[in-house]
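Colleague: The structure follows.
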Amino acid sequence: WTSLDFQTILKWTVEESEHTYTVMYSEKNHDNWMDVDHCSRTSETECDLTRELEIFCLHRNYEADIRADSEHLLDEFGSDYDFPHTYAPMFNPYKESNISALEFSLTDVDEGTVILNITHPLTSISEGGKQQTIKDILKNDLKYKISYYKSGSTGKKKKIVDSSSAEVSGLDAGQSYCFMVAAFIPSRPKATQQGAWSTLQCRQGDTHFTQDLSLGAWVGIVFILITVIIVFITATILCCRRNHKRHKNIQTAESSAPI
1 WTSLDFQTIL KWTVEESEHT YTVMYSEKNH DNWMDVDHCS RTSETECDLT RELEIFCLHR
61 NYEADIRADS EHLLDEFGSD YDFPHTYAPM FNPYKESNIS ALEFSLTDVD EGTVILNITH
121 PLTSISEGGK QQTIKDILKN DLKYKISYYK SGSTGKKKKI VDSSSAEVSG LDAGQSYCFM
181 VAAFIPSRPK ATQQGAWSTL QCRQGDTHFT QDLSLGAWVG IVFILITVII VFITATILCC
241 RRNHKRHKNI QTAESSAPI
C-alpha cells in the first residue's frame, strides 16, 4: 500500500508474464469481497482504491486480494478455476496515510511574537461535491508541530499547537528566526504521526550583519585577527632590533674614528 493525503494505491511486483490482474477488497474479518471495476483483468501492476475505501469509511481496516488471471486457463476451466493470488497486508487509511508538507505564512505581531498561518493540502476525497482538505478529514485529531531557531544558532525549539493560526512568542527582539511546520496526529501509531516538514521560512530581524555569522565564520575571523596581530608584533620586534643594531653600529664607528 502507498497512500498520501488519503489517496491510496495498491501496488504489486511480478515477473514478466502475460497474466492480467484482478483486485478485490474487503473490510477486515468480513467475507464480502468486492471487485474493483477499473482493476479487473488489468495489465497494470497498481490499483487506485481511493474511491472504494472512501465510500465505506476511512477509519476501517481493509484487506486486498490480487488475483493473476489467464485467458488460457479461463477458457479451459472457466471462472470457477482457483487462479493464483496473493493477499495484501491490512491497511487503515485514517491511521496510515502519509501527510504531505503544509504551507504557511509569517505575520509579525511585535518584536518578540510571530503568528504562523497554516494552510492544509487538498486530498482526493470529496464530500457533497467539495474537495476535502486533511483538516476536513482529521478534524480535531490534527495538530501542528513547529520547529524554529534563531539565525546563527544550532539549537532548535519545537512546540505542538492545536490551531492553524499558531502564535510563537518569547523571541529575542531584533533577531532573525527561521520556522518549519508539519502536520502531527498524536492519535496515530508513532511511525505515521508526523507529516512531511514544510519549506523553511525566515523572519528577518534588524540585527547587525555580524549576528548572522555562523560559528565557522567567527572562527575564521578570530584566526585572521590573531594572525594579523602576530604579524604586526613580529614586524615591530624585527624593526626595533634592526634600529637598535644600526644605532649600535653607528656608535661603534664613532668611537673608533681617529681624533
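Heads up, the sequence shown is in full-length UniProt numbering, so the first residue is 1 and it goes up one at a time.
Where is the CB? At the ideal position from N, CA and C, for every residue including glycine.
Would the beta-carbon of residue 12 fall within 8 Å of that of residue 45?
Modeller: In contact: residue 12 and residue 45 (Cβ atoms closer than 8 Å).
Colleague: Quick check: residue 101 and residue 198, are their CB atoms within less than 8 Å of each other?
Modeller: Yes, Cβ-Cβ distance for residue 101 and residue 198 is below 8 Å.
Colleague: For residue 159, which three-state DSSP category applies?
Modeller: Strand at residue 159.
Colleague: According to DSSP, what are the bridge partners of residue 47?
Modeller: BP columns for residue 47 point to 10.
Colleague: Need the endpoints of the alpha helix (DSSP H) that residue 136 sits in, please.
Modeller: First-last of the alpha helix (DSSP H) with residue 136: 134–138.
Colleague: Between residue 330 and residue 148, how many whole angstroms is the CB-CB distance? I'm expecting something under 8 Å.
Modeller: The structure shown has nothing for residue 330, since the chain only spans 1 to 259.
Colleague: Which partner residues does residue 142 have in the DSSP bridge list?
Modeller: For residue 142, which the question treats as bridged, DSSP gives no partner whatsoever.
Colleague: In chain order, which alpha helix (DSSP H) runs of at least 4 residues are fully inside the region 57–117?
Modeller: Within the region 57–117, the complete alpha helix (DSSP H) runs of at least 4 residues are 71–77 and 93–96.
Colleague: Which same chain residues end up closer than 7 Å to residue 105 when comparing Cβ atoms and leaving out the 5 residues on each side of it in sequence?
Modeller: 117, listed in sequence order.
Colleague: Going by CA-CA distance only, name the one from 18, 96 and 70 that's closest to residue 58.
Modeller: Answer by Cα proximity: 96.
Colleague: Considering only DSSP beta bridges, list what residue 4 is partnered with.
Modeller: According to DSSP, residue 4 bridges with 7 and 98.
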